[in-house]
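A.B. asks:
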Amino acid sequence: MGPVLLLWALAQPVAAADTPPPLSPYDALRLRSVGELAISPDGDHVAFTVTEPRRPLDEPDGPSRVHLWHGPGATPSPKGKRRVPDARPLVTGDAPIIRPEFTPDGRTITFLQLRAGDAGNALYGVATSGGDPIRLTRAPRAILDYAHAPDGKQVAFLVGGAIDNGAGALTSRGMDHDIYEESQQPTVVNVLDLTPPVAGADAPAARPLALPGSASTVAWSSRGMLAVAVAPTPTMDDFMMARRIHFVDPAPRDGKVTHVIDTQGKLGAMDWSPDGERLAFIASRDENDPKDGRLRVASLSGELNRFFDDLDGHVTAIAWRDATRVVALIDRGVRTEVVDVDVTGPGAAETRLASERPLTGLAVARTGRFVTAGESPEHPLELFTGDLTAETVALERRTTLNPWLAQRRLAPQTVVRHTARDGTELEGVLIAPERPEGATLPLILVVHGGPEAHVRNGWLTNYASPGQVAAGRGYAVFHPNYRGSTGRGVAFSQLGQGDPAGKEFDDLVDAVKHLVETGLVDRERVGITGGSYGGYAAAWAATALTEHFAAAVMFVGISELIAKAATTDIPTEEALVHARSQPWERWALLAERSPLRYVERARTPILIAHGKDDPRVHPSQSLMLYRFLNQIGKVPVRLVLYPGEGHGNRRTSSRLDYQLRVLEWFDHYLSGPGRRDAPPPPRAIDYRKAAGLPAPPKKDGASPNTPPTPR
0 MGPVLLLWAL AQPVAAADTP PPLSPYDALR LRSVGELAIS PDGDHVAFTV TEPRRPLDEP
60 DGPSRVHLWH GPGATPSPKG KRRVPDARPL VTGDAPIIRP EFTPDGRTIT FLQLRAGDAG
120 NALYGVATSG GDPIRLTRAP RAILDYAHAP DGKQVAFLVG GAIDNGAGAL TSRGMDHDIY
180 EESQQPTVVN VLDLTPPVAG ADAPAARPLA LPGSASTVAW SSRGMLAVAV APTPTMDDFM
240 MARRIHFVDP APRDGKVTHV IDTQGKLGAM DWSPDGERLA FIASRDENDP KDGRLRVASL
300 SGELNRFFDD LDGHVTAIAW RDATRVVALI DRGVRTEVVD VDVTGPGAAE TRLASERPLT
360 GLAVARTGRF VTAGESPEHP LELFTGDLTA ETVALERRTT LNPWLAQRRL APQTVVRHTA
420 RDGTELEGVL IAPERPEGAT LPLILVVHGG PEAHVRNGWL TNYASPGQVA AGRGYAVFHP
480 NYRGSTGRGV AFSQLGQGDP AGKEFDDLVD AVKHLVETGL VDRERVGITG GSYGGYAAAW
540 AATALTEHFA AAVMFVGISE LIAKAATTDI PTEEALVHAR SQPWERWALL AERSPLRYVE
600 RARTPILIAH GKDDPRVHPS QSLMLYRFLN QIGKVPVRLV LYPGEGHGNR RTSSRLDYQL
660 RVLEWFDHYL SGPGRRDAPP PPRAIDYRKA AGLPAPPKKD GASPNTPPTP R
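Below, the structure written as structure tokens:
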């Protein structure tokens with residue numbers, strides 16, 4: 000740390016009394032955000048879910064709660080006229096709520112939730128005016144998805160497959176073995192005739208449809224046809240790579256498949272046109288395309304039209320505006336566009352809104368009103384509405400879920416564009432605090448996973464990404480969209496295929512070099528972190544590229560590519576859209592591009608963290624790297640395992656612990672002793688002090704930890 004930066008950093012705690020404090024670790028864990036969206040057919044009502052984090056240490060541990068909110072769909076009246084009522088919570092509880100939808104008449108909001116007496120998520124409905132939810136149906140296992148018939152008289156729903164190891168009743172006598180990838184039975188589509196529910200009465204029986212595989216998504220057309228995404232087996236690999244859309248006539252007792260849409264690769268959301276003549280869906284261009292991001296429209300006869308194959312962006316959400324036009328959200332780089340597509344011809348597309356604010360999710364009413372979720376560098380996802388019939392489409396913010404953010408000092412956030420060593424144009428998002436002239440900052444490089452993902456210029460702070468919390472401590476934080484990222488079309492997303500840890504990770508070094516050359520970053524104080532493929536990047540940086548990085552944090556990451564391919568639950572996806580070959584065809588390359596091969600070279604202190612039940616990247620990937628580095632003994636290393644967690648942490652306690660250890664590791668090696676061979680920080684953490692947690696709840700149940708009530 001240079002002398003100018005040191006004096007500036009030491010001066011931070013004694014800032015003026017009226018200066019807002021920076022975002023604390025506790026703040027990052029208590030952020031509310033909008034999730035799934037729905038709009039009534041007439042556009043008069045919106046329904047959406049809101050993630051409600053648990054208070055760490057002060058209430059029972061678990062994942063965040065997800066509540067159902069409801070509000071008016073119309074754009075608020077102009078100033079001076081009657082104010083439209085705010086959105087409000089409609090259904091709450093400990094069990095998360097998913098899949099909010101309106102019934103065809105718009106009077107009821109339906110959703111899935113696990114309540115007392117349910118074997119798993121059951122289908123519930125609640126009036127838009129409020130009241131107690133009514134169970135519409137339940138099943139012997141969890142309901143995973145559902146779709147209303149347009150006349151409102153039936154509902155189709157998916158029931159998760161049972162676990163069957165062939166032992167029958169003997170499972171209760173200890174015969175509870177798992178026949179790997181065979182015990183899970185297919186997910187089944189059921190059709191239920193809805194009758195007015197009567198309190199205390201048994202739900203009517205549903206009839207299962209006989210489909211050739213395991214279902215995962217269902218949509219019901221106005222012509223009485225079901226569209227069902229079906230995979231050959233319930234495995235995650237088949238879900239990702241082998242699903243095909245089946246058109247199903249639900250009238251026969253067991254259902255009848257009329258057409259199967261011939262697609263390859265990954266599938267995304269699907270939606271029927273209002274007249275029931277066409278199905279729009281998001282798909283990959285081919286089986287080697289890393290991400291579903293192309294628009295497809297299929298007729299009832301199975302004829303398929305392809306749109307946006309050469310788009311230099313990715314379609315992320317779709318909804319029909321009328322019988323001939325599809326509205327699409329398209330990510331282009333770090334921003335989002337709202338595009339109107341005429342699907343009757345060659346696919347003429349009109350950009351209705353080019354939003355610097357990244358948008359997620361889309362629902363459109365027959366009146367042209369729509370609802371989406373938007374974020375910015377100043378806030379996480381909030382509810383926004385708009386009107387496609389307006390001459391100029393604009394977004395109206397409808398919620399402020401975290402009003403207390405206005406009392407926090409947030410560092411400036413900017414889009415940075417630079418050129419890689421081979422001339423490839425790259426971009427990323429930088430969060431950096433103000434600094435004295437001539438001072439340089441320590442840098443934390445946050446590498447996204449996938450690599451079929453990308454960072455947008457929105458809210459970038461969460462338990463696994465230090466963002467504004469680190470900036471408040473004097474760090475620059477950079478999120479690079481290295482080659483292989485989405486948001487720039489298929490060709491760019493495939494640039495890293497067959498070349499693991501090659502040019503894609505050279506891009507990371509080039510990003511650091513650019514930031515150093517601008518005078519922002521201290522080249523001797525560069526850290527790196529990431530999860531999944533980003534964890535692979537962190538492991539590669541700490542070993543093969545160790546001379547460039549002073550500290551690293553690897554989360555659910557990869558250290559040995561051959562073992563990764565042999566233990567992941569998505570081996571086909573790995574071969575088709577990453578390696579572009581099978582492991583036995585390129586043993587030498589996979590060994591050469593594995594961080595484990597370079598452990599003797601490593602001089603970068605590395606914190607390793609992993610969920611003990613991760614099916615995607617087996618925890619042995621972290622165990623191997625830790626074991627070898629620990630045995631060699633030339634670099635500080637620590638391994639933290641989280642029981643019950645998978646490919647990412649869900650519980651509040653696990654998120655708190657991981658977030659604090661990341662910050663502690665970088666403080667220790669980038670802003671602390673400054674020596675790569677310094678012993679790791681203490682194993683124990685004073686969680687309440689380190690996170691900035693308020694005092695524990697009072698005995699009467701009131702808690703100073705409770706965030707302010709949202710609008």
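The sequence shown begins at 0 in numbering that gives the first Met the number 0 and counts up by one.
Using N, Cα and C, we set each Cβ at its ideal position, and we do this for glycine too.
1) Return helix, strand or coil for Phe504, following the three-state DSSP convention.
2) Cβ of Tyr668 within 8 Å of Cβ of Ala550?
3) How big is the Cα-Cα spacing for Arg600 and Ala538?
4) Are the CB atoms of Val363 and Thr384 nearer to each other than 8 Å?
5) Helix or strand or just coil, what does DSSP make of Pro709?
6) So is Gly116 buried or exposed if we call it buried at 16+ other beta carbons inside 10 Å?
7) Looking at the unbroken beta strand (DSSP E) that takes in Thr371, where does it start and where does it end?
8) How is Val414 classed by DSSP in three states: helix, strand or coil?
9) Span of the beta strand (DSSP E) holding Asp144?
10) Helix, strand or coil for Gly534? Go by DSSP, reduced to three states.
11) Can you have a look at Ala353 and say buried or exposed, based on whether 16 or more other CB atoms are within 10 angstroms of its CB?
12) Consult DSSP for Val598 and reduce its assignment to one of helix, strand or coil.
13) Is it buried or exposed for His176, if we count other Cβ within 10 angstroms and need 16 for buried?
14) Assuming the contact rule is C-beta atoms closer than 8 Å, Gly556 and Gln630 should be a hit. Round their C-beta distance to whole Å, please.
15) Below 8 Å, can you find three or more Cβ-Cβ pairs linking the stretch 418 to 425 to the stretch 500 to 514?
16) Which class does Phe307 belong to by DSSP, given the choice of helix, strand or coil?
17) Less than 8 Å between the beta carbons of Asp270 and Ala282, yes or no?
18) Look at the Cβ atom of Gly457, then the Cβ atom of Ser531, and state whether they are nearer than 8 Å.
19) Kindly provide the ranges of any beta strand (DSSP E) runs that are 3 or more residues long and lie completely inside the stretch 106 to 147, ordered along the chain.
20) Let me see if you follow: with CB-CB separation under 8 Å, is Gly61 close to chain E or not?
21) Where does the unbroken alpha helix (DSSP H) through Ile631 begin, and where does it stop?
22) Which first and last residues belong to the beta strand (DSSP E) in which Lys711 is found?
23) Helix, strand or coil: how does DSSP classify Arg674 here?
24) Using C-beta distances below 8 Å, list every residue in its chain close to Pro678, excluding the 5 sequence neighbours before and after it, in chain order.
25) Which one of Asp285, Ala148, Phe110, Leu30 has the shortest CA to CA distance from His69?
26) Can you check whether the CB of Leu409 is closer than 8 Å to the CB of Gln496?
27) Could you tell me whether the stretch 245 to 260 touches the stretch 299 to 311, using the rule of 3 or more Cβ pairs below 8 Å?
28) CB-CB under 6 Å to Ile684, same chain, minus the five flanking residues each way: which ones, in chain order?
29) Output yes or no for whether 8 Å exceeds the beta carbon distance between Leu36 and Leu67.
30) Figure out for me which residue from Trp403, Pro59, Leu358 has the closest Cα to the Cα of Glu381.
31) If I measure Cβ to Cβ from Arg455 and keep anything under 6 Å in the same chain, skipping five residues before and after, which residues do I get?
32) Any idea what DSSP makes of His478, helix, strand or coil?
33) For Trp509, count the other beta carbons within 10 Å of its own beta carbon; 16 or more makes it buried, fewer makes it exposed. Which is it?
34) Return the Cβ separation of Ser219 and Ala155 in integer angstroms, given the expectation that the two are a contact with Cβ distance under 8 Å.
35) Under 8 Å, with one C-beta from each stretch per pair, do the stretch 235 to 250 and the stretch 166 to 173 reach the 3-pair mark?
36) For Phe548, which residues from the same chain have a beta carbon less than 6 Å from its beta carbon, with the 5 sequence-adjacent residues on both sides left out?
C.D. replies: According to the structure data:
1) helix
2) Contact flag set, yes.
3) 12 Å
4) no
5) Caution is warranted here: a pLDDT of 35 is assigned to Pro709, below 50, making its placement in the model unreliable, and the coordinate value is therefore given only provisionally. It is coil, neither helix nor strand.
6) Classification for Gly116: exposed.
7) 368 to 375
8) strand
9) 142 to 147 is the extent of the beta strand (DSSP E) around Asp144.
10) helix
11) exposed
12) It is coil, neither helix nor strand.
13) exposed
14) Their Cβ separation, rounded to whole angstroms, is 19 Å, which puts Gly556 and Gln630 out of contact at 8 Å.
15) Cβ pair count under 8 Å is three or more, so yes.
16) coil
17) no
18) no
19) 107 to 112, 121 to 126, 133 to 136, 142 to 147
20) In the structure shown, chain E cannot be found, because there is only a single protein chain.
21) 619 to 631
22) Here the chain covers residues 0 to 710 and nothing more, so residue 711 does not appear.
23) coil
24) Pro635
25) Phe110
26) no
27) yes
28) Leu659
29) no
30) Cα-wise, what sits closest to Glu381 is Leu358.
31) Val333, Pro357
32) strand
33) Trp is not the amino acid found at residue 509; the sequence shown has Asp there. By the 10 Å Cβ count, Asp509 comes out buried.
34) Ser is not the amino acid found at residue 219; the sequence shown has Trp there. The Cβ separation is near 6 Å, so the contact holds.
35) no
36) Val525, Ile527, Ala540, Thr603
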